[in-house]
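Okay, so here's the structure we're looking at.
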Amino acid sequence: MKELLNKLLKINLWNIIFSLFNLLSSFLIVRVLGVSILGEYTVINVYIAFSALIIVAIPPNLAVYKYQDEVDFPKIHSSYFVCISIISGLILAVSAFVFLEIEVCLLYLIAYAVGIAWNNYFDVYFQARGLLKEYYKFLTIIAVSKCLLIVVFFYFGQLKTIDDLLVSQLVPQLSIIIIYLYRIKFFRRDKFVSISRLVGYMKSNIRLFIPYYFSSSLKVCKEQIDIIIFNLFISKEVLGIFSLFTKSIAFFNSLIRVIESYFTSRKNIKNDYDLLFRKSIIIGFIFQIGYMLFNIVYMYIMLRKILIAETIIASFFFLFVAKFIMVRQKMLSNFDMRLINISQISYILVSVLLSVLCHYLYDMDIMAVLSIFVISNLVLQKIIIMEKIIK
């Protein structure tokens, strides 16, 4: 057990640095542009997430294991991403022009979204090869570069609008992605397959892909439904505060999710799964306490407020999360999507129902918003954890 924990901690060092700089970027945005701009930035990311659903035509959760099971799959995956990045950019342009209410330069929006899409390519590339340290190093370099460019833009008086913010994020992201693509020799002709072979592969595997399409759509809906619903009922300021809570939760959750990345390897599942699973509730409780201590300080730095009650509510997100992550990852390794889909549907239904009820029965403040978020997540986690009882 000690050896396994040491291995995870070494991987997690880069993950911690990456997560800290992600938090720092939120701090810089709030300090320079205000909570309302952070709220707008959050809404833009929601639109990008929905437009990027086409990227899951070859589902990432399946692709990680196909890399390990099929010799030619890396070539298929590379060819697929080149094609899909062009198509998804066009889809985003149309959807943003029609639906997005925030005034933003369409070219900047598309470039920013393409960078996010190619992050998904490296997500699969590194995890499938067991290069977790390299993966988190890659993410860290991007996060640090984004923070540095925010500071540079601010110093020269060029950070005033949402467009300026997007440029400060997309330039380092795209630059580093291109550098890494050259490093892995992505642009060699022998790294690709023909379009006809790519289409043939997707046709022959369509029955395997379908449950993942449904799951990917549900995942995006689940991750963005809170912002969409809350945006109807609360001010941009409260939405911005909620975004700060979700970022602090994401920071601590990312420290646990190194476990998820570790178990994308079939070898690691075979050797270490049972050993770590027995300690999963203890891990969750430790992270719950750690989150409370961290978030009280974080919120005071960000807002100059001490939010103890709100932090306690938010902390219950972590109690079962380690066990949930492990059970879910084992389901993915077995291509078992049934309960994963059920849990995500349950999350969406609970979140929408509680939001509507709360809107009509109670003033939607940050306490209400956080309670809805945590209850919805606990329902999702318990459905996965109790999979043996449900079966």
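Read in order, the letters of the sequence shown are residues 1 to 391 in the numbering used here.
Here a beta-carbon is modelled for each residue, glycine too, at the ideal position from N, C-alpha and C.
Euclidean distance between Cα positions of residue i and residue j
| i | j | result |
| --- | --- | --- |
| Ile-229 | Ser-248 | 21 angstroms |
| Ser-204 | Ile-210 | 12 angstroms |
| Arg-257 | Ala-322 | 8 angstroms |
| Ile-16 | Ile-301 | 19 angstroms |
| Leu-307 | Leu-170 | 33 angstroms |
| Gln-381 | Asp-190 | 43 angstroms |
| Ala-113 | Ile-48 | 6 angstroms |
| Asp-365 | Ile-234 | 7 angstroms |
| Met-331 | Ser-265 | 13 angstroms |
| Ile-116 | Gln-173 | 8 angstroms |
| Asn-22 | Ile-345 | 29 angstroms |
| Ile-178 | Asp-363 | 47 angstroms |
| Gln-224 | Glu-260 | 21 angstroms |
| Asp-164 | Gln-158 | 7 angstroms |
| Val-199 | Ser-79 | 10 angstroms |
| Val-46 | Ile-195 | 31 angstroms |
| Ala-111 | Phe-138 | 19 angstroms |
| Val-167 | Ile-385 | 42 angstroms |
| Leu-131 | Asn-119 | 15 angstroms |
CB contact flag (residue i, residue j, <8 angstroms)
| i | j | result |
| --- | --- | --- |
| Tyr-212 | Met-337 | yes |
| Trp-14 | Tyr-180 | no |
| Phe-285 | Leu-319 | yes |
| Lys-66 | Phe-192 | no |
| Met-326 | Phe-277 | yes |
| Ala-128 | Ile-84 | no |
| Asn-12 | Leu-361 | no |
| Phe-18 | Ala-143 | yes |
| Ser-36 | Lys-236 | yes |
8 angstroms contact criterion, which residue i and residue j should meet: CB distance rounded
| i | j | result |
| --- | --- | --- |
| Val-350 | Ser-376 | 5 angstroms |
| Asn-341 | Leu-218 | 6 angstroms |
| Ile-150 | Leu-28 | 5 angstroms |
| Phe-477 | Val-374 | This structure gives no information on residue 477, because the portion of the chain shown stretches from 1 to 391. |
| Met-367 | Ile-313 | 7 angstroms |
| Ile-227 | Tyr-41 | 11 angstroms between Cβ atoms; not a contact. |
| Ser-26 | Leu-38 | 7 angstroms |
| Ile-348 | Cys-221 | 6 angstroms |
| Ile-176 | Ser-145 | 6 angstroms |
Segment limits, alpha helix (DSSP H) that includes residue i
| i | result |
| --- | --- |
| Ala-250 | 236-256 |
| Ile-374 | It is Val, not Ile, that sits at residue 374 in the sequence shown. Start and end: 366-385. |
| Ala-314 | 308-315 |
| Ala-143 | 132-155 |
| Lys-222 | 206-233 |
| Pro-60 | 60-69 |
CA nearest to the CA of residue i, picked from the options
| i | options | result |
| --- | --- | --- |
| Val-94 | Ser-265, Leu-106, Ser-85 | Leu-106 |
| Leu-303 | Gly-240, Leu-132, Ile-110 | Gly-240 |
| Ala-309 | Tyr-298, Glu-103, Met-292 | Met-292 |
| Ile-283 | Phe-214, Pro-59, Phe-252 | Phe-252 |
| Asn-121 | Ile-110, Val-104, Val-82, Leu-148 | Here residue 121 is Tyr; the residue named in the question, Asn, does not match the sequence. Nearest of Ile-110, Val-104, Val-82, Leu-148 to Tyr-121, Cα basis: Val-82. |
| Val-64 | Phe-335, Val-356, Leu-339 | Phe-335 |
| Leu-33 | Gly-290, Phe-154, Ser-216 | Phe-154 |
| Phe-294 | Thr-311, Ser-280, Lys-279 | Thr-311 |
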